[in-house]
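My numbering applies: residue 1089 is where the sequence shown begins, and numbers increase by one. We treat Cβ as the ideally placed atom computed from N, Cα and C, and that holds for glycine. In what follows, a structure is listed as structure tokens, so that the remarks can point back to it.
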Amino acid sequence: MHKQSFITEFVLLGLSQNPTVQKIAFFVFLLVYIVTIGGNMLIVVTIVCSPALLGFPMYFFLAFLSFLDACFSSAMAPKMIVDSIHERKTISYEGCMIQLFAEHFFGGAEVIVLTSMAYDRYVAICRPLHYSSIMNWRLCGILVGVSWTGGFLHSIIQILFTFQLPFCGPNVIDHFLCDLYPLLELACTDTHIFGLFMVANSGFICIIIFTMLLVSYGVILLSLRTLNSEGRRKALSTCGSHIAVVVLFFVPCIFTYAWPPSAFSFDKMVTIFYTMLTPLLNPLIYTFRNMEMKNAIRKVWKCLVVDSDEK
């Protein structure tokens, strides 16, 4: 049971109080969201409908990552889009908790998927002779299960501690979504310990995993010296995409959650970046220099066109 709270809803101030800015934000957010869902689901459908790609763990994890990106964006973007055209923006206490849970659930799962993809590339490049025996489908299934479980545990811990916070007024959040630090600022109690815990549960974890991933990619890049020029080029292209996605995901996460509330100045632009732009850029990054994905997308698109013509 959570502590007694006299607040049943929160008022969101949004991105801006300027009506013109809000109208622009509505069209921009709507366009970005449509492209994000379309791009990520195109990757999922392409890989699922292409046995040649689905048979490789790298593309299996890529499809799962794209699905998570679509879910992550859908947990926040629709509310942001609708609020952009309303003068008064509110969210119920329960809705706020659901949004907070979904954000950290899908975000936590994505952290583990990105780590799994880095391990897959490490085995493929540094231990190629043992790749098929190590990265078998049993391990891939376990890693996907771990990602769901890890995301759930990370998110449920945040929610359980947030439920302990009493909210008795005011109820105005200077933001366009519910998140940890804005809620801490509204709590009618000393939140110093809560703030430190949330920094440890989100910020420090992001820093540690981000550092581990950078070290692993450093080891991978050093091992490329043993490959021929063609193998080196292909490995660099794949690893470059992974590194770009890792940086896009972890840097805003670290910037947002790695400081205690007393030292934190919440930046709405950073939130826009990791909630809207990162899920949008991921499919573009993975398909821009990947010929296998490009060819598979063309084949799937041709099949869809042919089927529609026959009907």
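- DSSP places PHE1098 outside any alpha helix (DSSP H); the residue lies instead in the beta strand (DSSP E), whose first and last residues are 1097 to 1100.
- If you compare the alpha carbons of ILE1131, ARG1226, ALA1140, PRO1367 with that of ILE1385, the shortest gap goes to ILE1131.
- As computed with DSSP, SER1180 is found in a beta bridge with GLU1097.
- Taking a cut-off of 8 Å for Cβ pairs, the segment 1114 to 1123 and the segment 1190 to 1210 do not touch, as fewer than three such pairs fall below it.
- For ILE1308, the secondary structure class from DSSP, reduced to helix, strand or coil, is helix.
- Spatial neighbours of THR1277 in its own chain (CB-CB distance under 7 Å, excluding positions within 5 residues in sequence) are listed in chain order as LEU1253, PRO1254.
- For THR1124, the CB contacts under 6 Å within the same chain, skipping 5 residues up- and downstream, are SER1161, PRO1367, LEU1368 in chain order.
- Scanning the segment 1154 to 1200 from its first residue to its last, the whole alpha helix (DSSP H) runs of 4-plus residues come out as 1165 to 1171.
- Classified as buried, PHE1148 has 16 or more neighbouring CB atoms from the shown chains inside 10 Å of its CB.
- A Cβ-Cβ distance of about 18 Å is found for the pair ILE1360 and CYS1294, leaving them out of contact under the 8 Å criterion.
- For LEU1268, the uninterrupted alpha helix (DSSP H) segment begins and ends at 1268 to 1274.
- For LEU1248, the enclosing alpha helix (DSSP H) begins and ends at 1225 to 1251.
- A residue is called buried when at least 16 other Cβ atoms come within 10 angstroms of its Cβ; PRO1166 does not meet this threshold and is exposed.
- C-alpha of ASN1128 to C-alpha of ALA1190: approximately 18 Å in a straight line.
- In this structure, the alpha-carbon of SER1311 lies about 12 Å from that of CYS1327.
- Distances from the CA of ILE1373 to each of ALA1346, LYS1390, PHE1337 were compared; the closest alpha carbon is that of PHE1337.
- Taking all protein chains in view, the Cβ of MET1300 is surrounded by fewer than 16 other Cβ atoms within 10 Å, so the residue is classified as exposed.
- Just so you know, the alpha carbons of ILE1308 and TYR1269 end up roughly 37 Å apart.
- THR1237 counts as exposed, since fewer than 16 other beta carbons sit within 10 angstroms of its beta carbon.
- Beta-bridge annotation (DSSP): VAL1260 is paired with VAL1099.
- The C-alpha of GLY1195 lies about 21 Å from the C-alpha of SER1304.
- No Cβ-Cβ contact shorter than 8 Å links ASN1259 with PHE1144.
- The distance from the Cβ of HIS1263 to that of LYS1322 is about 43 Å, inconsistent with a contact at the 8 Å cut-off.
- DSSP, reduced to helix, strand and coil, places ALA1346 outside both helices and strands of the structure shown, so it counts as coil.
- Scanning its chain for C-beta atoms nearer than 6 Å, with the 5 sequence neighbours on each side dropped, one finds around SER1138 the residues ALA1384, in chain order.
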